[in-house]
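Visitor:
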Amino acid sequence: MLKICLNNGTKMKTLLKYRKNYFSQNGEDGVIEEILIRLGIKQGWFVEFGAWDGIHLSNTYELVKKGWKGVEIEGDENKFKELKNNLSDYKENITHMCAYVHYGGGNNSIDSLLSQTEISKDFELISIDIDSYDWHIWNDLRNYSPKIVIIEINSSIPPGIEQIHFPTENKQGSSFTSTLELGIQKGYTLVCHTGNLIFVRNELVEKLNLPDKELNNPESLFINTWIPKTGLNLFISKFFIFFKGIVRFIVEYIK
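Residue numbers (the working numbering): -7 to 247.
(1) In whole angstroms, what separates the C-alpha of Y53 from that of L75?
(2) Identify the continuous beta strand (DSSP E) that holds G62 and give its terminal residues.
(3) Ends of the beta strand (DSSP E) at I111?
(4) Going along the chain, which residues of its own chain have a beta-carbon closer than 6 Å to the beta-carbon of G187, five neighbours each way excluded?
(5) Going by CA-CA distance only, name the one from D81, Y125 and E206 that's closest to I102.
(6) Whose C-alpha, out of N201, L172, V197 and H157, is nearest the C-alpha of F212?
(7) Can you tell me whether K5 is buried or exposed, with buried defined as 16 or more other CB within 10 angstroms of its CB?
(8) Given a cut-off of 8 Å, decide if K139 and L202 are closer than it, judged by their beta-carbon atoms.
(9) Taking only the alpha-carbon atoms, compute the straight-line gap between D45 and N78 and give it to the nearest angstrom.
(10) Hey, how far is the Cα of S170 from the Cα of I142?
(11) For V243, count the other beta carbons within 10 Å of its own beta carbon; 16 or more makes it buried, fewer makes it exposed. Which is it?
(12) Between N194, P151 and P159, which has its C-alpha nearest W218's C-alpha?
(13) Give a yes or no on whether the C-beta atoms belonging to L117 and G36 are separated by under 8 Å.
(14) List the residues that DSSP assigns as beta-bridge partners of W37.
(15) Give the single residue among S16, Y14, E25 and F15 whose Cα lies nearest to the Cα of L7.
(16) Using 10 angstroms around the beta-carbon of S119, count the other beta-carbons present and answer buried if the total reaches 16, otherwise exposed.
(17) If you count every other CB in all the chains shown that lies within 10 Å of the CB of S112, and 16 or more means buried, which is it?
(18) Could you work out which residue in N13, W60 and L207 is closest to D21 when comparing CA atoms only?
(19) Whole angstroms are fine: how far does the CA of C184 sit from the CA of I190?
(20) On the CB-based measure, 16 or more other CB atoms within 10 Å of its CB, does Q177 come out buried or exposed?
(21) Would you give the residue range spanned by the beta strand (DSSP E) that E173 belongs to?
If you want it as C-alpha cells, here you go:
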C-alpha cells in the first residue's frame, strides 16, 4: 500500500524511528525508504562509493533491487570484480567504475567521473563512504546536486568540535559539526544521524514534515552511541546540544 504524507499541520515522526537494515549498517535503509516515501520518489538514480562488493553494508543495494539506476564506484580491483558479479542481474541499470575518487580536481574527481555517465545533474541520492576524505569529496561535488546525501563522519566526535580529516595531523575522519556546516553551505538540511549524516536539499525539506526541534536545532539529531563513555565527553556533547538549542530559540524569539 502506498503511504501518502499530507502536510496538515501535524508533524511526522523523527526519521530515526524508521531505522531498518536490509543491507545497510546502522538503519540507513529504513530511513532512506521513509524519506523517499515522504518526497514521493519511487524511482531514480543513485551514486555510491566506495561501493565495496555492492551488497555488504550497502546503502543502495535495496534501491538496486527495486529497479533503480545507479553508478557504483569502487577502487579495489578484487572488490570491483565481486561488485560486478554480485550485480550482474542488474547490469542494464548499473554503471560500474573501477576508480578511486580523488579530491582537488583531475580525472578522478567525482565531477569528472560522473560526467562519463548518463546521470542527471540533480539525481536522487549519493552515498559517500570511503573512511577518510568524505568531507573533501562532497566539497568537490560542484556540477551535481543530488536530492539526498548520505555521508560518513567520525561519530565519536561530539557536536561543537570542528575537524576535517587530516591524518598527518592525527585527525581521523570529519566531525558532525564540520560536515553539518558544509551541508548548510551547499544548500542542504540535516535530517538524520545514524552514524552517517543524511541531508536533503533545502527546497525539499518541507515535504518531510519534520519536527521543528530537529529543523531549528540540528545538533539535537546527534546520537551518542559512538562517543567514548566518559562522563566528561557525554556532558560536553549534551551541554553543547542544549546550548545551541537555547541560542536558536532566542534568535527566533527576537525575530
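Ideal placement from N, C-alpha and C gives every residue a C-beta, glycine not left out.
Guide: On the basis of the supplied data:
(1) C-alpha of Y53 to C-alpha of L75: approximately 11 Å in a straight line.
(2) Bounds of the beta strand (DSSP E) holding G62 are K61 to E66.
(3) That residue, I111, is in no beta strand (DSSP E); it is neither H nor E in DSSP.
(4) Sequence-distant partners of G187 (beyond 5 residues in either direction) whose C-beta falls short of 6 Å from its own C-beta, in its chain, are N18 and S147.
(5) Ranking D81, Y125 and E206 by Cα distance to I102 puts Y125 first.
(6) The residue asked about is misnamed: residue 212 is Ser in this sequence, not Phe. Among N201, L172, V197 and H157, the Cα nearest to that of S212 belongs to L172.
(7) Exposed, because fewer than 16 other Cβ atoms sit within 10 Å of the Cβ of K5.
(8) Taking C-beta atoms as the reference points, L202 and K139 fail to come closer than 8 Å.
(9) The straight-line gap separating the alpha-carbon atoms of D45 and N78 is approximately 7 Å.
(10) The alpha-carbon separation between S170 and I142 amounts to approximately 15 Å.
(11) Reliability of the predicted coordinates at V243 is poor, the pLDDT of 45 falling under 50, and no value is obtained from them.
(12) The shortest C-alpha to C-alpha distance from W218 to any of N194, P151 and P159 is the one to P151.
(13) L117 is a Cβ neighbour of G36, given a cutoff of 8 Å.
(14) K61.
(15) When only C-alpha atoms are compared, the closest one is E25.
(16) Classification of S119: buried, given that the 10 Å Cβ count is 16 or more.
(17) By the neighbour-count rule (16 or more Cβ atoms within 10 Å), S112 is not buried but exposed.
(18) Each of N13, W60 and L207 was checked against the Cα of D21, and the nearest Cα belongs to N13.
(19) Distance between the alpha carbons of I190 and C184 is about 5 Å.
(20) If you draw a 10 Å sphere on the C-beta of Q177, you find fewer than 16 other C-beta atoms in it, and that means exposed.
(21) Looking at the DSSP string, E173 is not in any beta strand (DSSP E); the run it does join, the alpha helix (DSSP H), is F168 to Q177.
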